[in-house]
DNA sequence: TATTGTTATACTCTATAACTATA
DNA sequence: TATAGTTATAGAGTATAACAATA
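Chains as they are written, first to last, in the numbering used here: chain A, 54 to 203; chain B, 54 to 203.
Printed below as a string of structure tokens:
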């Protein structure tokens with residue numbers, strides 16, 4: 054099936070955005086689905102494991118915020134990750150309502166393997182010359198800096 | 054919550070890929086979810102409507118391929134789009150097993166509004182100078198051309 | 001025999017609302 | 001009263017397997 058939208062972009066930035074979306078759709082999504090299938094994770098489980106950082110416990114509600122879903126969903130997602138021994142719930146010292154999420158050693162290993170599979174640049178970027186690669190990286194760094202990120 | 058992965062990239066392309074993923078995650082996803090909520094579409098319904106092009110009927114199985122899911126899922130997704138009058142099933146002339154999907158006038162309008170909301174470049178890209186915007190667009194065009202796309 | 005789309009089944013994700021235990 | 005997390009519920013997406021109609 055062909056691409057989604059018709060051309061005629063409002064600005065070079067809009068066209069770049071469109072091209073980035075196409076790249077993510079065609080390469081990023083396929084790779085993500087393949088990687089999580091290998092590791093036996095569902096998409097939200099994989100996103101949760103990516104968001105959680107080993108050695109940095111966070112409350113359930115913060116994970117819900119990062120995943121952009123309701124707290125009640127996180128209960129089930131974490132249940133299944135915990136069943137597989139990838140994360141643990143711990144009580145918070147200062148507030149007994151809060152449960153802190155901790156990545157286990159096994160979870161950290163799965164998380165590392167996932168990151169490894171997602172890190173490599175896809176073919177269209179990898180094939181670019183060194184100059185283009187660096188220019189692309191530098192422009193994107195500037196974009197995110199301008200927006201106050203990082 | 055902080056970003057997902059640790060730094061130390063294998064190449065400028067790998068870092069650029071990481072930055073693009075961050076951009077999509079932080080801006081693309083939020084905008085997509087807001088747009089489909091306004092239009093009353095679920096994520097797969099919206100993806101289906103994006104993939105289908107008015108005036109270009111395609112078989113159910115081709116949509117399944119474009120969505121990267123099983124044929125059996127498409128039955129339900131299309132059922133709900135058809136209930137809302139956004140697409141129609143038509144019989145194919147040459148093979149009576151096949152059903153062709155057609156975007157209705159109403160579906161085309163919803164599809165247009167969706168595309169409109171997703172087309173604008175997000176703030177980090179829009180804030181770049183003209184030179185950077187054009188350079189970014191040109192590099193991405195080259196990347197997709199090299200990979201044999203478009 | 002093989003293929004297209006549907007149905008049946010089971011599991012996961014999703015939001016909403018009601019509940020608990022804390023604060 | 002308000003908040004963190006759970007449970008209950010209902011709707012949607014997902015893959016697998018079995019099926020009907022057609023090729």
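Ideal placement from N, C-alpha and C gives every residue a C-beta, glycine not left out.
If you follow the beta strand (DSSP E) that residue 153 of chain A is in, where does it begin and where does it stop?
By 1-based counting over the first chain, the position of residue 153 of chain A is 100. Start and end: 152-156.
For residue 130 of chain A, which residues of its own chain have a beta-carbon under 7 Å away from its beta-carbon, when the five flanking residues on both sides are left out?
Indexing the first chain from 1 puts residue 130 of chain A at position 77. If we look at residue 130 of chain A and ignore the five residues flanking it on each side, its Cβ neighbours are 97, 98, 101.
Which class does residue 144 of chain B belong to by DSSP, given the choice of helix, strand or coil?
Mapped onto the second chain, residue 144 of chain B falls at position 91. Secondary structure of residue 144 of chain B (DSSP, three-state): strand.
Measure the CB-CB distance between residue 174 of chain B and residue 69 of chain A and report whether it falls below 8 Å.
Indexing the second chain from 1 puts residue 174 of chain B at position 121. Indexing the first chain from 1 puts residue 69 of chain A at position 16. Taking 8 Å as the Cβ cut-off, residue 174 of chain B and residue 69 of chain A qualify as a contacting pair.
Starting from residue 190 of chain A, trace the alpha helix (DSSP H) in both directions and tell me its first and last residue.
As a position in the first chain, residue 190 of chain A is number 137, starting the count at 1. It spans 183-199 - the alpha helix (DSSP H) in which residue 190 of chain A sits, taken as one unbroken run.
Which residues, taken in chain order from the stretch 66-87 of chain A, show a beta carbon closer than 8 Å to some beta carbon of chain B?
66, 67, 68, 69, 70, 71, 72, 73, 74, 75, 76, 77, 79, 81, 82, 83, 86
Apart from the five residues on each side of it in sequence, which residues of its chain come closer than 8 Å, Cβ to Cβ, to residue 184 of chain B?
Position 131 of the second chain, counted from the start, is the residue given in the question as residue 184 of chain B. Same-chain partners within the cutoff: there are none.
Quick one: any contact between the stretch 156-165 of chain B and the stretch 161-180 of chain A, if contact means 3 or more CB pairs under 8 Å?
no
Can you give me the C-alpha to C-alpha distance between residue 93 of chain B and residue 81 of chain B, rounded to a whole angstrom?
One-based indexing of the second chain puts residue 93 of chain B at position 40. One-based indexing of the second chain puts residue 81 of chain B at position 28. Rounded to the nearest angstrom, the two C-alpha atoms are 18 Å apart.
Use the C-beta contact count for residue 74 of chain A: other C-beta atoms within 10 angstroms, 16 or more gives buried, fewer gives exposed.
As a position in the first chain, residue 74 of chain A is number 21, starting the count at 1. Per the 10 Å Cβ criterion, buried.
Using the rule of at least 16 other Cβ atoms within 10 Å of the residue's Cβ for burial, across every protein chain shown, is residue 119 of chain B buried or exposed?
For the purposes of this step, residue 119 of chain B is taken as the residue at position 66 of the second chain. So residue 119 of chain B counts as buried.
Among A/77, A/116, A/64, A/193, whose alpha-carbon lies nearest the alpha-carbon of residue 152 of chain A?
As a working mapping, residue 152 of chain A is identified with position 99 in the first chain. The residue with the shortest Cα to Cα distance from residue 152 of chain A is A/116.
Helix, strand or coil at residue 106 of chain A [DSSP, three-state]:
Locating residue 106 of chain A in the first chain gives position 53, where the first residue counts as 1. Three-state DSSP puts residue 106 of chain A in a strand.
Are the CB atoms of residue 193 of chain A and residue 84 of chain A nearer to each other than 8 Å?
The residue labelled residue 193 of chain A in the question sits at position 140 within the first chain. The residue labelled residue 84 of chain A in the question sits at position 31 within the first chain. Not a contact, by the Cβ cut-off of 8 Å.
Along chain A, which residues have their Cβ under 7 Å away from the Cβ of residue 185 of chain B?
Along the second chain, read from residue 1 onward, the residue named residue 185 of chain B stands at position 132. Near residue 185 of chain B (Cβ distances below 7 Å), the residues of chain A are 192, 195.
Give the residues of chain B in contact with residue 160 of chain A, contact being defined as C-beta atoms less than 8 Å apart.
Position 107 of the first chain, counted from the first residue, corresponds to residue 160 of chain A. For residue 160 of chain A, none of the residues of chain B pass the 8 Å Cβ criterion, the least Cβ distance being about 14 Å.
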